Each structure stands twice: as structure tokens, then as C-alpha cells.
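Residue numbers (the numbering used here): 21 to 352.
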Ligand SMILES: Cc1cc2nc3c(=O)[nH]c(=O)nc-3n(C[C@H](O)[C@H](O)[C@H](O)COP(=O)(O)O)c2cc1C
């Protein structure tokens, strides 16, 4: 394992994953002041100049909290940038990230070649989102400081590989930081990610049913009611395979069991900046198989408190279990 030098130590090594539409400044602030890296897609701030307002609001709130609570564990923010020719905001969004010296940039889609040196120049680090070893290699060759392995069962555009398989394969050629994602929704899951060889865990779905998330009450309630079997994996909506709640597909008048491979422009990366794309994501609800671990709509602080307690008790349980045979051996 390789904790990134530029990140502060974290008692719960967790990133609140960026989610289109859903990640709001309120959610990011709540995550950071409770010791979890809060991430949001730059494209959530619309129109483009609003990104500057969001960064100003978030950084001011974190600074005020820091002054009022000296010694509190405050995690850094992360901004997600889609690296794709169709993202014509990228240069302007990076200018704003540079102005606010955003400590962590999470890149998705194409390898972050053109972004890394710029982020390093202002003292930030780059984590790149991948679903297979080939893309992990490309990101590392491009100079990324870490890779985010989005495995089977994750919300949004997740991969299909088992985390056991993907972490082991990537660890063969990458000793640096690994963030693990895919249905991690409890503190025990965060500990399991570390046991597998990841440095940090990445959780999106767990934060949809929070008071701060920018999702409708019906969406949050569906997350609470859902279980892993309610998640449908399909490329129908964006052209890229992703995980969605079955219930929302039926409500949109479609049959989740025979969607086919249709590719639509409605939610593609180029269209994400449009109100139409946001509406599409509001109607078809992205979610991962971790929904079964969500049992109430809570403030994000409460979710993190629960996850921290679960993480600590799982760690204790394992330490005790590991110590027991040694104790017995000592008695013989
Ligand atoms: C509704 C939704 C929207 C998402 N939007 C984005 C996005 O804009 N950019 C991105 O890199 N990942 C996005 N993701 C993926 C998450 O960042 C993360 O990889 C995923 O949620 C992890 O799996 P989990 O939901 O099982 O925790 C999205 C996920 C969900 C559920």
C-alpha cells in the first residue's frame, strides 16, 4: 500500500465519489468536515462560471470550520474532470481549479496526459478512474498519482471485474496509490478494501440517500428500499455500460430486461452540460449494488459516523481473531 504523500492521514480512508447531478456543495462540505474526501463533477456546476462560486463557497466553509474547530480532521476536496474532446469546458474548469489550488483532481474517460503536469504545478494530485488493468497502465504512464479501480457492482459507469482480481493485477505493476470502488457502502467494506491492498475506498451510492445530496425524495427512498437484485447493468442510456435502479427504468416506461444496446446522445459526455442531460439523470436513477446496505435517509455526517464506527469495530474484530490462534499457540 502507498498512502499518497500529499494527502493528510485519514482515520477513515474514504472518498465520497463524484456523482453527476447528485454531488452538491453541501454534500462535499459535510464529507470534508467529517474527515472524508468530498468529490464532485465540475460539470455539476452549471453554467460554467458557477464552478468558481462553488469552489469559493466550499473553501470558505472549510476554512471557517477549521478556525472554529482547531485540530479537527478535515479532508481535502476533489473535483472530477471528464477528459474527452467533447468536454469544451475542461480548460476553463482547470483554470478555476488552479485558482483555488484544488488538492485532488479525479479524471475520468481518457488518460490524463494533458492535465497531470498542470495539477502538479499547483501542488495537487491526480487520481484516474479505470475499470481494467490496461487503462490503469495508461493512466500511470500519463503520470497519474493514483488509480481508482471501479469494480463490479459500482454505481454509474462501473466495470465488471471482481475487486479481488483487479487489485491483484494492478498491484503487479503499480506500487502507488490505489482507490477501490464498487458497492462499498459500509465501514467494514472500507476495511476490506484496505485488506485487499487498496489505500482508500470510494463510495458513491452510500451518499445518495443523504439529506445533502441533490436527488429527489423518491430517488432517495428507492435507494433505501433497494437491494442488489434491483440494479440493472446496461449501456442503453449513455452508450457506456452502467448500473441503474430497475424501478426508475420501469417508471420511465421501459422494460429493464430487454433494453438492448441502443446508444443515445441524451446523456453522453458532451451533452452533460445541458439541462436535458441533467433531466435524463434525474429520471433514470444511477445506483450500485451497495443499495442493500442503505437503510435510511440521513445527514451525511451521520452516515460517516456510522461508517467510522463500523470500520473501527471490524478492525478490532479482525485483530482479535488474528490474535486468538497466536494466543492458543503460545499456551501449548
Ligand atoms: C448517480 C451516479 C452518478 C455518477 N456520476 C459520475 C460522474 O459524473 N463522474 C464519475 O467519475 N463517476 C460518476 N459516478 C461513479 C462514482 O463516482 C463511483 O465510481 C461509484 O459511485 C462507486 O460505486 P458505488 O456507487 O457502488 O459506491 C456516478 C455514480 C452514480 C451512482
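Glycine included, every Cβ here is placed at the ideal spot set by N, Cα and C.
These figures come from a predicted structure and were not determined experimentally.
Counterpart residues of residue i in DSSP-defined beta bridges
{"i": "residue 166", "result": "147, 197"}
{"i": "residue 222", "result": "35, 201"}
{"i": "residue 101", "result": "127"}
{"i": "residue 312", "result": "Note: residue 312 sits in no beta bridge, so no partner."}
{"i": "residue 306", "result": "264"}
{"i": "residue 318", "result": "230"}
Sub-8 Å separation of residue i and residue j beta-carbons
{"i": "residue 230", "j": "residue 320", "result": "yes"}
{"i": "residue 148", "j": "residue 167", "result": "yes"}
{"i": "residue 45", "j": "residue 77", "result": "yes"}
{"i": "residue 132", "j": "residue 162", "result": "yes"}
{"i": "residue 218", "j": "residue 243", "result": "no"}
{"i": "residue 203", "j": "residue 308", "result": "yes"}
{"i": "residue 179", "j": "residue 151", "result": "yes"}
{"i": "residue 276", "j": "residue 252", "result": "yes"}
{"i": "residue 38", "j": "residue 97", "result": "no"}
{"i": "residue 190", "j": "residue 156", "result": "yes"}
{"i": "residue 100", "j": "residue 62", "result": "yes"}
{"i": "residue 227", "j": "residue 135", "result": "no"}
{"i": "residue 86", "j": "residue 92", "result": "yes"}
{"i": "residue 213", "j": "residue 221", "result": "yes"}
{"i": "residue 334", "j": "residue 211", "result": "yes"}
{"i": "residue 328", "j": "residue 47", "result": "no"}
{"i": "residue 256", "j": "residue 280", "result": "yes"}
{"i": "residue 41", "j": "residue 301", "result": "yes"}
{"i": "residue 144", "j": "residue 248", "result": "no"}
{"i": "residue 129", "j": "residue 103", "result": "yes"}
{"i": "residue 120", "j": "residue 84", "result": "no"}
{"i": "residue 72", "j": "residue 223", "result": "no"}
Endpoints, beta strand (DSSP E) assigned at residue i
{"i": "residue 126", "result": "124 to 129"}
{"i": "residue 70", "result": "Element bounds for residue 70: not the beta strand (DSSP E) but the alpha helix (DSSP H), 70 to 88."}
{"i": "residue 176", "result": "No beta strand (DSSP E) contains residue 176, which DSSP labels as neither H nor E."}
{"i": "residue 41", "result": "Note, residue 41: premise wrong, no beta strand (DSSP E); not H, not E."}
{"i": "residue 58", "result": "57 to 61"}
Endpoints, alpha helix (DSSP H) assigned at residue i
{"i": "residue 51", "result": "45 to 53"}
{"i": "residue 153", "result": "153 to 161"}
{"i": "residue 121", "result": "Taken as a continuous stretch (DSSP letters only), residue 121 belongs to no alpha helix (DSSP H), as it is neither H nor E."}
{"i": "residue 216", "result": "207 to 216"}
{"i": "residue 137", "result": "133 to 141"}
Residue environment, residue i, which counts as buried when at least 16 other CB atoms sit within 10 Å
{"i": "residue 34", "result": "buried"}
{"i": "residue 345", "result": "exposed"}
{"i": "residue 340", "result": "exposed"}
{"i": "residue 172", "result": "buried"}
{"i": "residue 58", "result": "buried"}
{"i": "residue 303", "result": "exposed"}
{"i": "residue 89", "result": "exposed"}
{"i": "residue 182", "result": "exposed"}
{"i": "residue 278", "result": "exposed"}
{"i": "residue 115", "result": "exposed"}
{"i": "residue 310", "result": "buried"}
{"i": "residue 53", "result": "buried"}
{"i": "residue 343", "result": "exposed"}
{"i": "residue 154", "result": "exposed"}
{"i": "residue 337", "result": "exposed"}
{"i": "residue 70", "result": "exposed"}
{"i": "residue 240", "result": "buried"}
{"i": "residue 273", "result": "exposed"}
{"i": "residue 269", "result": "buried"}
Proximity test, residue i beta-carbon vs ligand 2 heavy atom, cut-off 7 Å
{"i": "residue 128", "result": "Ligand 2 is not among the ligands present in this structure, which contains only ligand 1."}
Chain C contact for residue i (CB, 8 Å cutoff)
{"i": "residue 144", "result": "Protein chain content of the structure displayed is limited to a single chain, and chain C is not contained in it."}
Segments of 4+ residues assigned as alpha helix (DSSP H) that fall wholly inside the stretch 227 to 283: Whole alpha helix (DSSP H) segments, 4+ residues: 237 to 245, 266 to 271.
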